[in-house]
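Asker: Residue 150 in the UniProt record's numbering sits at position 150 of the sequence shown; the count goes up by one each step and never skips.
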Amino acid sequence: MIALPFFRRDLPSLKGERVALRTPVPGDYREWASLRAESRKFLEPWEPRWLPDELEWSAFRHRLNRYREDFSQGTGAAFFIFQNSSGKLVGGITIGNIRYGVAQTGQIGYWIGERYSGKGYMSEALQLVARYAFDTLRLHRVEAACIPKNVRSVRVLEKAGFQREGLLRSYLRINGAWQDHYLYALIADDRGVATAKD
Numbered sequence: 001m002i003a004l005p006f007f008r009r010d011l012p013s014l015k016g017e018r019v020a021l022r023t024p025v026p027g028d029y030r031e032w033a034s035l036r037a038e039s040r041k042f043l044e045p046w047e048p049r050w051l052p053d054e055l056e057w058s059a060f061r062h063r064l065n066r067y068r069e070d071f072s073q074g075t076g077a078a079f080f081i082f083q084n085s086s087g088k089l090v091g092g093i094t095i096g097n098i099r100y101g102v103a104q105t106g107q108i109g110y111w112i113g114e115r116y117s118g119k120g121y122m123s124e125a126l127q128l129v130a131r132y133a134f135d136t137l138r139l140h141r142v143e144a145a146c147i148p149k150n151v152r153s154v155r156v157l158e159k160a161g162f163q164r165e166g167l168l169r170s171y172l173r174i175n176g177a178w179q180d181h182y183l184y185a186l187i188a189d190d191r192g193v194a195t196a197k198d
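(1) Between isoleucine 174 and glutamate 44, what straight-line distance do the alpha-carbon atoms span, to the nearest angstrom?
(2) Could you check what DSSP says for histidine 181 in three-state terms: helix, strand or coil?
(3) Would a C-beta distance cut-off of 8 Å place leucine 139 and threonine 105 closer than the cut-off?
(4) Are there 16 or more other CB atoms within 10 angstroms of the CB of threonine 94, so buried, or fewer, so exposed?
(5) What residue range does the alpha helix (DSSP H) around alanine 59 cover?
(6) Nearest by alpha-carbon distance to glycine 91: which of Asp189, Arg40 and Ala177 is it?
(7) On the premise that alanine 145 lies in contact with tyrosine 182, defined as a C-beta separation below 8 Å, what is that separation, rounded to the nearest angstrom?
(8) Counting C-beta neighbours from all protein chains within 10 Å, is the total for alanine 185 16 or more, i.e. buried, or is it exposed?
(9) Indicate the three-state DSSP secondary structure (helix, strand or coil) for tryptophan 46 in the structure shown.
(10) Counting Cβ pairs closer than 8 Å, one from the segment 66 to 73 and one from the segment 26 to 37, do we hit at least three?
(11) Give me the residue from Ser117, Pro24 and Phe82 with the minimum Cα distance to valine 151.
(12) Would you check if the segment 80 to 90 and the segment 13 to 27 touch, i.e. whether three or more CB-CB distances between them fall below 8 Å?
(13) Could you give the residue range of the alpha helix (DSSP H) that holds tyrosine 116?
(14) Taking 8 Å as the CB-CB cut-off, is glutamate 44 touching chain C?
(15) For the beta strand (DSSP E) containing serine 170, list its first residue and its last residue.
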């Protein structure tokens, strides 16, 4: 079995100028459920269809278990994003589908609470996760996909230095319908992680 570079006992945390990223824990449940509930109309068009128990404790616990399993298997790392000035939860970001061997790649996904959108938090979180992917995980390439109509997400990815590589037809089932997605990527050689605010 390949020795993976980052799967130690301690879970990662990343600190930036305006945001800090850390692994979700059970004590985050109430704040997470509240932020997701108030942002539901803002988030639903860009996410898989919400289940009836989407915001229940049981669903959150299942999510945490999946995060831990992915981390222990070396296939993913999940973070919640917190505002440094207040300590408040603003969103979440994951790097998943991590593959080593000839690929050395992973896929980034993210969400942000509506009231925190457009303030530069996600751009900084993307930069932190990209650096973590390259410097700690030793990946060569990170990818992200977004629906073409999601202009906010397009802007965030481009400001973080990701390059659009093409259109993935009928790529993911989002809010009950198969959606085309733009494919964006950043490779280690680019080191073009921007510092611009979204």
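Here a beta-carbon is modelled for each residue, glycine too, at the ideal position from N, C-alpha and C.
On a predicted model such as this, the values are computed, not experimentally measured, just so you know.
Answerer: Let me lay it out:
(1) The residue given as residue 174 occupies position 174 in the sequence shown. The residue given as residue 44 occupies position 44 in the sequence shown. A straight-line Cα-Cα distance of about 8 Å links isoleucine 174 and glutamate 44.
(2) For the purposes of this step, residue 181 is identified with residue 181 of the sequence shown, where counting begins at 1. Strand.
(3) Stepping through the sequence shown from its first residue, residue 139 is reached at position 139. Stepping through the sequence shown from its first residue, residue 105 is reached at position 105. Their beta carbons are under 8 Å apart, which means leucine 139 touches threonine 105 by this criterion.
(4) Your numbering for residue 94 matches position 94 in the sequence shown. Within 10 angstroms of the beta-carbon of threonine 94 lie 16 or more other beta-carbons, which makes it buried.
(5) Here residue 59 is taken as the residue at index 59 of the sequence shown, counted from 1. Under the DSSP assignment, alanine 59 falls in the alpha helix (DSSP H) whose first and last residues are 57 to 73.
(6) For the purposes of this step, residue 91 is taken as the residue at position 91 of the sequence shown. Scanning Asp189, Arg40 and Ala177 for the CA closest to the CA of glycine 91 turns up Arg40.
(7) As a working note, residue 182 is residue 182 in the sequence shown. As a working note, residue 145 is residue 145 in the sequence shown. Taking the Cβ atoms as the reference, tyrosine 182 lies roughly 7 Å from alanine 145, within the contact range of under 8 Å.
(8) As a first step, residue 185 must be located in the sequence shown, where it is residue number 185. Per the 10 Å Cβ criterion, buried.
(9) Numbered from 1 along the sequence shown, position 46 holds the residue referred to as residue 46. Reduced to three states, the DSSP call for tryptophan 46 is helix.
(10) Contact fails: fewer than three Cβ-Cβ distances are below 8 Å.
(11) Within the sequence shown, residue 151 is the residue found at index 151, counting from 1. Nearest option by C-alpha distance: Ser117.
(12) With a cut-off of 8 Å, the segment 80 to 90 and the segment 13 to 27 count as touching, because enough Cβ pairs lie within range.
(13) Counting from one through the sequence shown, the residue named residue 116 turns up at place 116. Element bounds for tyrosine 116: n/a, residue is neither H nor E.
(14) Among the protein chains of the structure shown there is no chain C, as only one such chain exists.
(15) As a working note, residue 170 is residue 170 in the sequence shown. It spans 163 to 174 - the beta strand (DSSP E) in which serine 170 sits, taken as one unbroken run.
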